[in-house]
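The sequence shown: position 240 = 541 (my numbering), numbered continuously. Even glycine gets a Cβ: it sits at the ideal position worked out from N, Cα and C. Quick caveat: nothing in here was measured; it's all calculated off a predicted structure.
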Amino acid sequence: MRKIRIVVVAFDRISPFHLSVPCAVFSAPPREGASPFRLRVCSAEGKRLHSDAGFDIATPYGLDEIGRADVVIVPSWRDADERPPEALLAALQRAAKRGKRIVGLCLGAFVLAHAGLLNDHRATTHWFATEHLATAFPAITVDRDVLYVDEGQMVTSAGVAAGIDCCLHLVRQMLGAEQANTIARRMVVSPFRTGGQAQFIDQPVPVLPADERMARLLEDIRRQLHLPHLLDDIADRVAMSRRSFTRHFRQLTGSSFGDWLMAQRLGHAQHLLETTSLPLERIAQDIGLGSPVTLRQQFQRAFRTSPMNYRRTFNGERAQARGAA
302 MRKIRIVVVA
312 FDRISPFHLS
322 VPCAVFSAPP
332 REGASPFRLR
342 VCSAEGKRLH
352 SDAGFDIATP
362 YGLDEIGRAD
372 VVIVPSWRDA
382 DERPPEALLA
392 ALQRAAKRGK
402 RIVGLCLGAF
412 VLAHAGLLND
422 HRATTHWFAT
432 EHLATAFPAI
442 TVDRDVLYVD
452 EGQMVTSAGV
462 AAGIDCCLHL
472 VRQMLGAEQA
482 NTIARRMVVS
492 PFRTGGQAQF
502 IDQPVPVLPA
512 DERMARLLED
522 IRRQLHLPHL
532 LDDIADRVAM
542 SRRSFTRHFR
552 QLTGSSFGDW
562 LMAQRLGHAQ
572 HLLETTSLPL
582 ERIAQDIGLG
592 SPVTLRQQFQ
602 RAFRTSPMNY
612 RRTFNGERAQ
622 ARGAA
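Spelled out as structure tokens, the structure:
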């Protein structure tokens, strides 16, 4: 099987952390054996770059590597007010015309915006720069509150750690949920945060006994996804009013309870589609969605594909691997 070619764009004064995010995700083999990815870091500004941490970064690859990529990732940009090099913008435009997937993490969204690739699309960036992005590029619909936005060919993420969530999302689409979860476990990060989750929590709260009760409650819910889990009943279990529970849950997680519950259900649906031959009726019941129709609707909305197409892609690959073994 041909490896998926991932190219990460580096530039002068890059943050080593921003550069390391896609490199860590796409260089970690999701299972024993060779990685399914061929990772290259290419330079937009010469073979030796100065990082903003005070040390140099060297790479033998230039912008021509973008022409050989399946996925191009711009992990950040050094200044939201600075136009990127024209050669980089032209290389991204050519890749987009060939149908390649282009990803802008954090301020990397500004690079895609300067290339004209985000016009008439939704996009996001680090929360402190969302207003700047919206003002400078009015043709872009800027979503200020989310971790990442997947518009199909164009993908953008919020700052810093949200880039990990975005890259794991890409792995999940290309290799399936089980492989993405394996990479997340090796990196010791959350395996699945939805793109619609809030970028940050306005008022962090201290760890209280109620938080420990809620953590145990959420673990119980994960083990019993087939149950309805009505909001009023859940709030009663931690001795809170509906309003207090809703506010406290969002403060702790950055998400609504309904969105969190749907993410858990769909994540388990992915696992069952990849690892079993259960019919959709049984999967819908097991994850608490009731009917195959609801499962199809929610799955299509979240993953831009149908459950059956997902199963053919990822369960089929597992069957081929078992046959080869």
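Query: Separation of F550 from R379, as counted between CA atoms; Result: 35 Å
Query: Sequence-distant residues of the same chain with beta carbon closer than 7 Å to A585, five excluded per side; Result: G591, S592, P593, T595, L596
Query: Status (buried if at least 16 other CB within 10 Å, exposed otherwise) for F558; Result: buried
Query: Where H461 falls: helix, strand or coil (DSSP); Result: Rather than His, the amino acid found at residue 461 in this sequence is Val. In the structure shown, V461 sits in coil (DSSP, three-state: anything other than H, G, I, E or B).
Query: Spatial distance of G400 from Q552 (CA atoms); Result: 40 Å
Query: E387 versus L413: straight-line alpha-carbon distance, rounded; Result: 12 Å
Query: Beta-carbon proximity of V404 to I358, cut-off 8 Å; Result: no
Query: The beta strand (DSSP E) enclosing G568, as first and last residue numbers; Result: From DSSP, G568 is part of no beta strand (DSSP E) but of the alpha helix (DSSP H) over 558 to 576.
Query: Residues that DSSP places opposite V372 in a beta bridge; Result: I307, R402
Query: Cβ pair H415, R395 closer than 8 Å; Result: no
Query: The region 555 to 570 in contact with the region 455 to 467 per 3-pair CB rule at 8 Å; Result: no
Query: Classification of Q504 by the beta-carbon crowding that lies within 10 angstroms, buried from 16 upward; Result: Annotation note: pLDDT 40 at Q504 (below 50); position unreliable, coordinate value reported separately. The residue in question, Q504, is exposed, as its Cβ has fewer than 16 Cβ neighbours within 10 Å.
Query: Alpha-carbon spacing of A478 relative to M563, whole angstroms; Result: 15 Å
Query: Cβ distance (whole Å) where V326 is taken to contact I441 below 8 Å; Result: Between I441 and V326 the Cβ distance is about 25 Å, and since that is not below 8 Å, they are no contact.
Query: Whole-Å CB distance - I315 paired with D365, under 8 Å assumed; Result: Going by Cβ atoms, the distance from I315 to D365 rounds to 19 Å, so no, they are not a contact pair.
Query: C-alpha gap between L518 and C324, whole angstroms; Result: 35 Å
Query: Close-in-space but distant-in-sequence residues of the same chain around L509 (CB under 7 Å, 5 per side omitted); Result: Here L509 scores only 48 on pLDDT, less than 50, and its place in the model is too uncertain to base an answer on.
Query: R349 (DSSP reduced to helix, strand or coil); Result: strand
Query: Between the CA atoms of H572 and H527 - distance to the nearest angstrom; Result: 15 Å
Query: Cβ pair count under 8 Å reaching 3, the region 305 to 320 against the region 340 to 353; Result: yes
Query: Where S377 sits in the DSSP three-state scheme; Result: coil
Query: Contact under 8 Å by Cβ, H433 with C407; Result: no
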